[in-house]
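Visitor: The structure is given below, and queries will be raised subsequently.
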Amino acid sequence: MEDFTHYTVMRDEAVSYFDYSKDALFVDATLGGGGHSEEILKRMTPNSHLISFDIDDDAINYSKEKLKGYKNLTIVKSSYVNVKKVVHELGYEKITGGILFDLGASYHQLTKRERGFSFTKDAPLDMRFNKDADFSAYDVVNTYREEDLAKIFFEYGEERYSRKIAKRIVEKRAEKPIETTIELADIVKYSIPFSKSKIHPATRIFQAIRIEVNDELKNIKITLNNLFDLLATNAIISVISFHSLEDRIVKETFKNYSKSCRCDLSEPICKCGGPLLGLLVKKPITACEKELGENPPSRSAKLRVAKYIK
């Protein structure tokens, strides 16, 4: 795919904690442009295997071509929420090497006009990672109740004017459906007081709608909490997040499962069996100066890494 553009954030750092010295199963939960998958494939032993997940046909088609020279790779069109089911269907019991998550939307998704992620390009309201899905940004904007819109704008976009924006959207869609990204961006812009901020007023709203359409926060929370019985001892979990809501989930999950005791405080005796994770980095790793110069959006990326120790 000639027009597929993707920058692999923290290409080396995200995969550097995996142990490549022995045959193992690795998982790239978010294939994207295939950059991280390629780094894993270059480093792992000939008898190791990598399973890479994505739900975006553009990413899958591009990466299949890019990685066609590698034999020990299986690319699956599926959400990473299905990782346990897929791994077992492919005949593997455990992830013995490690699993990588590179969360959020890709550069390609955010910048390709027809995908409807950007408020700077006029396009139908879409924002689906999986183009086969029935539910889109159009449905959120035109069918959600005012209070539900306000809730996702506040919780997922951390938007202080969430109620005003939601009220204005409901008023406008009563006249006619809101169909395009520019229509929505203009409604947001004129719903709130003028600001000299360099951040477009629609930025947080588009983020919130995208998260809602794709169940992003729910999916990562569920997956991380249900992942442990799929991991072999010493398997690595490596997660790149791009905004505070994602990072908070990863941070709290890692913190909770690395506690010496996870039992309720009312329990007189520890029954949880102790920590499941060992934190390999105390503070999140961020992109280096060279990468920031090449790809400024990587400034928001945070990498957290843990090891399954049971």
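Numbered according to the working numbering, the sequence shown spans residues 3 to 312. For every residue, glycine included, the Cβ atom is placed at its ideal position computed from N, Cα and C.
Using only CA atoms, which one of 47, 153 and 126 lies nearest to residue 184?
Guide: When each option's Cα is compared against that of residue 184, the closest is 126.
Visitor: My output table needs one value for residue 182: the three-state DSSP class, helix, strand or coil.
Guide: The answer is strand: DSSP assigns residue 182 an E or B state.
Visitor: Judging by CA-CA distance, which residue of 55, 308, 106 and 172 is the nearest neighbour of residue 220?
Guide: The shortest C-alpha separation from residue 220 is found at 106.
Visitor: May I ask you to list the residues that DSSP assigns as paired with residue 51?
Guide: In the DSSP output, where bridge partners are listed per residue, residue 51 has 27.
Visitor: Could you check whether residue 32 and residue 53 sit closer than 7 Å to each other, using their CB atoms as the reference points?
Guide: No.
Visitor: Is the beta carbon of residue 273 closer than 7 Å to that of residue 265?
Guide: In contact: residue 265 and residue 273 (Cβ atoms closer than 7 Å).
Visitor: Could you spell out where the beta strand (DSSP E) holding residue 100 opens and where it closes?
Guide: From DSSP, the beta strand (DSSP E) with residue 100 extends over 100-104.
Visitor: Would you call the segment 153-163 in contact with the segment 192-207, where contact means no fewer than 3 C-beta pairs closer than 8 Å?
Guide: The segment 153-163, when compared against the segment 192-207, does touch it at the 8 Å Cβ threshold.
Visitor: Among residues of its own chain, excluding the 5 on either side of residue 258, which ones have a beta-carbon nearer than 8 Å to its beta-carbon?
Guide: These residues qualify, in order along the chain: 264.
Visitor: Following the continuous beta strand (DSSP E) through residue 242, name the residue where it begins and the one where it ends.
Guide: That run of the beta strand (DSSP E) goes 238-243.
Visitor: Could you tell me whether the segment 78-97 touches the segment 232-250, using the rule of 3 or more Cβ pairs below 8 Å?
Guide: The segment 78-97 is in contact with the segment 232-250.
Visitor: Can you give me the start and stop residues for the alpha helix (DSSP H) that residue 295 sits inside?
Guide: 291-296 is the span of the alpha helix (DSSP H), which, as asked, contains residue 295.
Visitor: Can you look up residue 33 in the DSSP assignment and give me helix, strand or coil?
Guide: Residue 33 falls in the coil class under three-state DSSP.
Visitor: Go through its chain and collect everything with a Cβ distance to residue 154's Cβ below 6 Å, but skip five positions before and after it.
Guide: Hits under 6 Å: 210 and 214.
Visitor: For chain C, is any of its Cβ atoms less than 7 Å away from the one on residue 121?
Guide: The chain inventory of the structure shown lacks chain C, comprising one protein chain alone.
Visitor: Keeping to the same chain, check which residues put their C-beta closer than 6 Å to that of residue 121; ignore five residues upstream and five downstream.
Guide: These residues qualify, in order along the chain: 183, 187, 204 and 208.
Visitor: Is it the case that the segment 38-48 contacts the segment 68-75, given that we only count it when at least three CB pairs across the two stretches are under 8 Å?
Guide: Cβ pair count under 8 Å is three or more, so yes.
Visitor: In terms of DSSP beta bridges, what is residue 249 paired with?
Guide: Bridge partners of residue 249: none, in fact.
Visitor: Which of the three DSSP states is assigned to residue 280 in this structure?
Guide: Strand.
Visitor: Taking Cβ positions, are residue 15 and residue 287 nearer each other than 7 Å?
Guide: Yes, Cβ-Cβ distance for residue 15 and residue 287 is below 7 Å.
Visitor: Measure the CB-CB distance between residue 189 and residue 143 and report whether it falls below 7 Å.
Guide: No, the Cβ-Cβ distance between residue 189 and residue 143 is not below 7 Å.
Visitor: Measure the alpha-carbon distance for residue 201 versus residue 117 and round it to whole angstroms.
Guide: Distance between the alpha carbons of residue 201 and residue 117 is about 21 Å.
Visitor: Give the straight-line distance between the Cα atoms of residue 51 and residue 29, rounded to the nearest whole angstrom.
Guide: Roughly 8 Å separates the two Cα atoms.
Visitor: Between residue 3 and residue 312, what straight-line distance do the alpha-carbon atoms span, to the nearest angstrom?
Guide: Because the pLDDT at residue 3 is just 45, under 50, the model does not fix this residue reliably, and the point stays unresolved.
Visitor: What is the residue span of the alpha helix (DSSP H) that residue 127 lies within?
Guide: Careful: residue 127 lies outside any alpha helix (DSSP H) and carries neither H nor E.
Visitor: Starting from residue 56, follow its DSSP beta bridges and name the residues at the other end.
Guide: Answer is 79.
Visitor: With residue 307 as the anchor, note down where its beta strand (DSSP E) starts and where it stops.
Guide: Residue 307 -> beta strand (DSSP E) spans 304-310.
Visitor: What does DSSP give as the partner residues of residue 233 in its beta bridges?
Guide: Residue 233 is bridged to 97.
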